[in-house]
């Protein structure tokens with residue numbers, strides 16, 4: 039009986055290095071796309087921040103657009119949010135908003151990249167696919183899509199006010215009544231579907 043050769047340990051190391059490099063590129067891209075936008079961010083900028091050769095962007099993602107897509111797919115994944123207990127959804131979402139102070143957010147990435155037609159098209163597609171459709175399914179009838187849209191309006195408005203306008207952030211983060219209002223407004227949309 040023929041026994042297969044043992045796995046090459048170098049293959050396993052290369053795989054870990056590839057995963058680490060991909061993760062570093064996505065982290066760097068998230069930071070730069072969230073602070074500069076798509077059009078003002080170069081492949082070399084991303085590679086420099088990630089500490090890798092710029093040719094690796096092409097190798098792992100095909101292009102800057104491919105890296106933008108991969109980064110956006112990761113930041114728009116709301117699956118963990120949909121694991122939250124339904125009756126505490128408003129409270130949990132608001133805690134998440136206030137607890138993610140330093141993380142470059144997807145909202146800034148979406149807004150700052152909207153001026154590039156290709157990035158904008160990718161943004162619209164992935165926002166629908168990775169966030170709005172799963173949220174609508176989770177909300178369910180009646181009018182899951184409409185309720186998902188209303189939550190998106192609430193979240194976007196709040197995050198623009200708090201994240202992109204620093205004076206508003208300070209007053210909102212320290213204001214218990216604003217926080218409570220947002221929790222209740224979000225929860226009211228969730229509860230429209232009954233229990």
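In the numbering used here, the protein residues as written are 39 to 233. Built from N, CA and C at the ideal position, the CB exists for glycine as well.
Near residue i, which residues of its chain fall below 6 Å by C-beta distance, leaving aside the five closest residues on each side in sequence?
i           : result
residue 150 : 75
residue 147 : 71, 72
residue 197 : 145
Excluding the 5 residues preceding and the 5 following residue i in the sequence, name in chain order all residues of the same chain whose CB lies nearer than 8 Å to its CB.
i           : result
residue 132 : 217, 220, 221, 224
Let me confirm a value: residue i is counted as buried when at least 16 other C-beta atoms fall within 10 Å, else exposed. Which label applies?
i           : result
residue 179 : exposed
residue 134 : exposed
residue 186 : buried
residue 162 : exposed
Need the endpoints of the alpha helix (DSSP H) that residue i sits in, please.
i           : result
residue 121 : From DSSP, residue 121 is part of no alpha helix (DSSP H); its letter is neither H nor E.
residue 116 : Per DSSP, residue 116 belongs to no alpha helix (DSSP H) and is neither H nor E.
residue 170 : Per DSSP, residue 170 belongs to no alpha helix (DSSP H) and is neither H nor E.
Once the 5 residues before and after residue i are set aside, which same chain residues still bring their CB inside 7 Å of it?
i           : result
residue 182 : 174, 175
Report yes if the CB atom of residue i is closer than 9 Å to the CB atom of residue j, and no otherwise.
i           : j           : result
residue 153 : residue 61  : no
residue 114 : residue 84  : no
residue 112 : residue 160 : no
residue 87  : residue 69  : yes
Which of the three DSSP states is assigned to residue i in this structure?
i          : result
residue 74 : coil
If you measure from the beta carbon of residue i to each beta carbon in chain D, is any gap under 9 Å?
i          : result
residue 95 : Of the protein chains in this structure there is only one, and it is not chain D.
Does at least one heavy atom of the ligand COA sit under 8 Å from the Cβ of residue i?
i          : result
residue 70 : Looking for the ligand COA in the displayed structure turns up nothing, as the structure carries no ligands at all.
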